[in-house]
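Protein chains in written order, with numbering that gives the first Met the number 0: chain A, 0 to 192; chain B, 0 to 192; chain C, 0 to 192; chain D, 0 to 192.
For glycine and all other residues, C-beta sits at the position ideal for the given N, C-alpha and C.
Please read all numbers here as calculations on a predicted model, not as lab measurements.
There are 4 protein chains.
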Amino acid sequence: MPRPKLEDARDRLLAAGLSLFAQRGMERVNSNTIAKRAKVGIGTFYNHFPDKYALLRELELRTLAGVRAARVAALEGAGPDPAAQVRGSIEAAVGFAAAHPEAYRVTFGRERAGAGHHGPVVTESARPLANALRRLQSRGRVDPRLDPELGARAYLAMEVGMLLWWLEDRKRAEPGQLVETLVRLHPAGRAAA
Amino acid sequence: MPRPKLEDARDRLLAAGLSLFAQRGMERVNSNTIAKRAKVGIGTFYNHFPDKYALLRELELRTLAGVRAARVAALEGAGPDPAAQVRGSIEAAVGFAAAHPEAYRVTFGRERAGAGHHGPVVTESARPLANALRRLQSRGRVDPRLDPELGARAYLAMEVGMLLWWLEDRKRAEPGQLVETLVRLHPAGRAAA
Amino acid sequence: MPRPKLEDARDRLLAAGLSLFAQRGMERVNSNTIAKRAKVGIGTFYNHFPDKYALLRELELRTLAGVRAARVAALEGAGPDPAAQVRGSIEAAVGFAAAHPEAYRVTFGRERAGAGHHGPVVTESARPLANALRRLQSRGRVDPRLDPELGARAYLAMEVGMLLWWLEDRKRAEPGQLVETLVRLHPAGRAAA
Amino acid sequence: MPRPKLEDARDRLLAAGLSLFAQRGMERVNSNTIAKRAKVGIGTFYNHFPDKYALLRELELRTLAGVRAARVAALEGAGPDPAAQVRGSIEAAVGFAAAHPEAYRVTFGRERAGAGHHGPVVTESARPLANALRRLQSRGRVDPRLDPELGARAYLAMEVGMLLWWLEDRKRAEPGQLVETLVRLHPAGRAAA
DNA sequence: AATGAATGAGATTTCATTCAT
DNA sequence: TATGAATGAAATCTCATTCAT
Numbered sequence: 000m001p002r003p004k005l006e007d008a009r010d011r012l013l014a015a016g017l018s019l020f021a022q023r024g025m026e027r028v029n030s031n032t033i034a035k036r037a038k039v040g041i042g043t044f045y046n047h048f049p050d051k052y053a054l055l056r057e058l059e060l061r062t063l064a065g066v067r068a069a070r071v072a073a074l075e076g077a078g079p080d081p082a083a084q085v086r087g088s089i090e091a092a093v094g095f096a097a098a099h100p101e102a103y104r105v106t107f108g109r110e111r112a113g114a115g116h117h118g119p120v121v122t123e124s125a126r127p128l129a130n131a132l133r134r135l136q137s138r139g140r141v142d143p144r145l146d147p148e149l150g151a152r153a154y155l156a157m158e159v160g161m162l163l164w165w166l167e168d169r170k171r172a173e174p175g176q177l178v179e180t181l182v183r184l185h186p187a188g189r190a191a192a
Numbered sequence: 000m001p002r003p004k005l006e007d008a009r010d011r012l013l014a015a016g017l018s019l020f021a022q023r024g025m026e027r028v029n030s031n032t033i034a035k036r037a038k039v040g041i042g043t044f045y046n047h048f049p050d051k052y053a054l055l056r057e058l059e060l061r062t063l064a065g066v067r068a069a070r071v072a073a074l075e076g077a078g079p080d081p082a083a084q085v086r087g088s089i090e091a092a093v094g095f096a097a098a099h100p101e102a103y104r105v106t107f108g109r110e111r112a113g114a115g116h117h118g119p120v121v122t123e124s125a126r127p128l129a130n131a132l133r134r135l136q137s138r139g140r141v142d143p144r145l146d147p148e149l150g151a152r153a154y155l156a157m158e159v160g161m162l163l164w165w166l167e168d169r170k171r172a173e174p175g176q177l178v179e180t181l182v183r184l185h186p187a188g189r190a191a192a
Numbered sequence: 000m001p002r003p004k005l006e007d008a009r010d011r012l013l014a015a016g017l018s019l020f021a022q023r024g025m026e027r028v029n030s031n032t033i034a035k036r037a038k039v040g041i042g043t044f045y046n047h048f049p050d051k052y053a054l055l056r057e058l059e060l061r062t063l064a065g066v067r068a069a070r071v072a073a074l075e076g077a078g079p080d081p082a083a084q085v086r087g088s089i090e091a092a093v094g095f096a097a098a099h100p101e102a103y104r105v106t107f108g109r110e111r112a113g114a115g116h117h118g119p120v121v122t123e124s125a126r127p128l129a130n131a132l133r134r135l136q137s138r139g140r141v142d143p144r145l146d147p148e149l150g151a152r153a154y155l156a157m158e159v160g161m162l163l164w165w166l167e168d169r170k171r172a173e174p175g176q177l178v179e180t181l182v183r184l185h186p187a188g189r190a191a192a
Numbered sequence: 000m001p002r003p004k005l006e007d008a009r010d011r012l013l014a015a016g017l018s019l020f021a022q023r024g025m026e027r028v029n030s031n032t033i034a035k036r037a038k039v040g041i042g043t044f045y046n047h048f049p050d051k052y053a054l055l056r057e058l059e060l061r062t063l064a065g066v067r068a069a070r071v072a073a074l075e076g077a078g079p080d081p082a083a084q085v086r087g088s089i090e091a092a093v094g095f096a097a098a099h100p101e102a103y104r105v106t107f108g109r110e111r112a113g114a115g116h117h118g119p120v121v122t123e124s125a126r127p128l129a130n131a132l133r134r135l136q137s138r139g140r141v142d143p144r145l146d147p148e149l150g151a152r153a154y155l156a157m158e159v160g161m162l163l164w165w166l167e168d169r170k171r172a173e174p175g176q177l178v179e180t181l182v183r184l185h186p187a188g189r190a191a192a
């Protein structure tokens, strides 16, 4: 029998934190509320996390790993065609947001206090995309005048912004429409036109 | 202490709030600090604003009006060519962000508590852009398969996201590069390619 | 022409204070609100009253004078019969409360902060009643074993308590019923039985 | 500081609140002072009561229960004679006020902000007394022209008013005198005359 | 006399964190 | 490890009063 209570408390705290952060936003959630929602004593909270930001950080790391894994899997499944890779990567991101809306909103949303947070979170995805753009430019498949760093940033800002907007109210669009729009506006999608 | 000149206090509070919000983010600024920075009693703060969110809202309204005015002026000065209009509008936005970085970050940044705030702020710009895209589609200048609403949203998310990223550290790019990138990735820029 | 503005402000302040105190109770009314209701600057408030308690005190003095005058007039109109005098005095008190419910509630109600306030307000009425009871005892018209001081106090507590209770919701009884009840329970009403 | 024994804090807060409310009156006591007097952190105050009114309400409930219990016990001990019952009930009330002067003053005194509070507190005692009067009327022991509801109210206003006045300065009378006065002026005492 | 913006002491309330059990 | 009562620094907000105009 696996330890029944042990990791239980930690997982319940993470789940409670996730749903509360998504619902109310970082600064409007307090550690006591998280513990209560997790049906755990407040002392237990501090046995597992040094403070509430640590819990948030862990949620973010899990989300980032999840998005990355989804993209990697999509790229591996897409074969060598760049267009298919772009579409696959986008479908992966949209799919992840649809499957884990709270995690997506908490990680990428506008909730964090303090400036300069968005950047780092996105940076990790920007680098591989910039490299991909450079490769495509060298093969003449993307406008060579586009700065690949800036293009990557710009695209990711767009993707994140759209998905957050969509998650506010999913009736705003079908996932397929989102994918179409993002594909069409993707820097690597342009050359096709 | 003698009472300062009439509307002085209110303006000083707005200025103090702006710089503090930009520096530390909404939730890490308190009314006492704003009042102190404005060299005004805490009571004066509450004579002018019911709470710190009201001050923020006023700053946002001023910023939105500023961006809109800059865009309108640019469009009027750009003549009838759609490409020139797109570029002009983008230059106006970049110019505004460069001239009022704190106001831009406070208004569009990721600081507000509670979800669903970004949307409304951006919505007002999304509508005219969607209309422009529709017009260009009917004239065959923009890919007709692009959903104009989603395209407008996507572009604005990109523009805002890039400018916020840039304002975190302006050494990251020259304003001209930003304009080039945004022009190239603009939904209406595509058909020109 | 009498000074038009002069006493105007003071009277409007008193009226505003009366209605606000009656509505919300002493401690939940502030001087700025009174001034606003009186359509007068807050500065004007302090030109007329040293503080908000002074305004209250003036209202109370006016009310006490009003009740006393009503009772005196009733006694004078009642002729020499003690029973008629008792009934007349009670009718005067009930009539005053009915005519000036706010003033009555503010003056006699349970609103004042700090203990020991009720006593003084009532004391002034207790003395003449105690004297009357003594006179009636010496004439054998009131039970001689009743302590006239305590009897007077007790009756007045009853009268005030009933009228406040009635003013909370006047549908609770007809004024005539109140008078009957108070007459029957009056220390001097007893001998009649 | 080591945490004091379990429910200790709550009881100390109630005791501190009682003595402070009695001393200064509701509106002149603040939560900090109560906590300090109870030798407890301010946070502990808010762990136990949502605000100071909640503490007051609990004190009132305890007092009302105490008075009721004292009256019930007295009635049970008084036997079937109505006169003895009346006297017993009055002795119980006077005894309770003498034994718990602070609780009595806080519960029945004129301190509460907002109107309409006294009524409800007294209502609960008014009903049984009204019923008793009705019974006595049907047996011809009380003047049938007296409205039993109003009579009950009137008597209770008298009792409460006298006891509050007495508690302001106990030298004003002996408890025995109070009882005598109240017995003589009781609606059910009258028929004896 | 009238005005009302400005003031700041003080009251209320929140919440991250500790620690004895 | 788990618990949760206790804590107090810090934030929000009120309001009586002043004073330059």
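query, result
"L58/C beta carbon less than 8 Å from that of A15/C", "no"
"CB of L55/C within 8 Å of CB of I33/C, strictly", "no"
"C-beta neighbour in chain B for E101/A, strict 8 Å", "no"
"Proximal residues of chain B, C-beta to C-beta of Q201/A below 8 Å", "The requested residue 201/A does not occur in the structure, where chain A is confined to residues 0 to 192."
"Validate contact between the stretch 148 to 159 of chain C and the stretch 170 to 180 of chain D using beta carbons, cut 8 Å, 3 pairs", "yes"
"Through-space distance from V105/D to H99/A, alpha-carbon basis", "56 Å"
"Unbroken alpha helix (DSSP H) run spanning H47/A, endpoints", "I41 to H47"
"Enclosing alpha helix (DSSP H) for K35/A [first to last residue]", "S30 to R36"
"DSSP-derived helix/strand/coil call for V141/A", "coil"
"Distance between Y52/C and G24/D (C-alpha atoms, nearest Å)", "16 Å"
"Residue-level contact to chain C via CB, A156/D, 8 Å cutoff", "yes"
"Cβ pair A153/B, L181/A closer than 8 Å", "yes"
"Residue interval of the alpha helix (DSSP H) (run including R171/D)", "Taken as a continuous stretch (DSSP letters only), R171/D belongs to no alpha helix (DSSP H), as it is neither H nor E."
"Pairwise C-alpha distance: S18/B and L162/A", "30 Å"
"Chain B contact for L19/A (CB, 8 Å cutoff)", "no"
"Below-8 Å beta-carbon distance, G76/D vs any chain C residue", "no"
"Cβ pair A69/B, F95/B closer than 8 Å", "yes"
"Below-8 Å beta-carbon distance, E26/A vs any chain B residue", "yes"
"Contacts that P186/A makes with chain B (C-beta to C-beta distance below 7 Å)", "L184"
"Nearest-angstrom beta carbon gap, R140/D and A187/D [assumed within contact, 8 Å]", "7 Å"
"Distance, V28/B Cα to K38/B Cα", "16 Å"
"For A83/A, the first and last residue of its enclosing alpha helix (DSSP H)", "P81 to A98"
"Reduced DSSP secondary structure (H/G/I, E/B, other) of V182/D", "helix"
"Residues from the stretch 159 to 172 of chain D in contact with chain C, defined by Cβ distance under 8 Å", "V159, G160, M161, L163, W164, E167 and A172"
"Check whether G160/C and G78/D have beta carbons under 8 Å apart", "no"
"Anticipated Cβ contact below 8 Å, L177/A with W165/A, distance rounded", "6 Å"
"Contact with chain B by L55/A, beta-carbon distance below 8 Å", "no"
"Nearest-angstrom Cα separation, counted from E90/D out to E75/D", "13 Å"
"DSSP state of A77/D mapped onto helix, strand, coil", "coil"
"Beta carbon proximity, D50/C to chain D, threshold 8 Å", "no"
"Cutoff 8 Å: R152/C Cβ touching any chain D Cβ", "yes"
"The alpha helix (DSSP H) enclosing R152/D, as first and last residue numbers", "P147 to E167"
"Spatial distance of S218/A from E167/A (CA atoms)", "The first residue shown for chain A is 0 and the last is 192, placing residue 218/A beyond what the model contains."
"Short CB-CB distance (under 8 Å) between T180/A and chain B", "yes"
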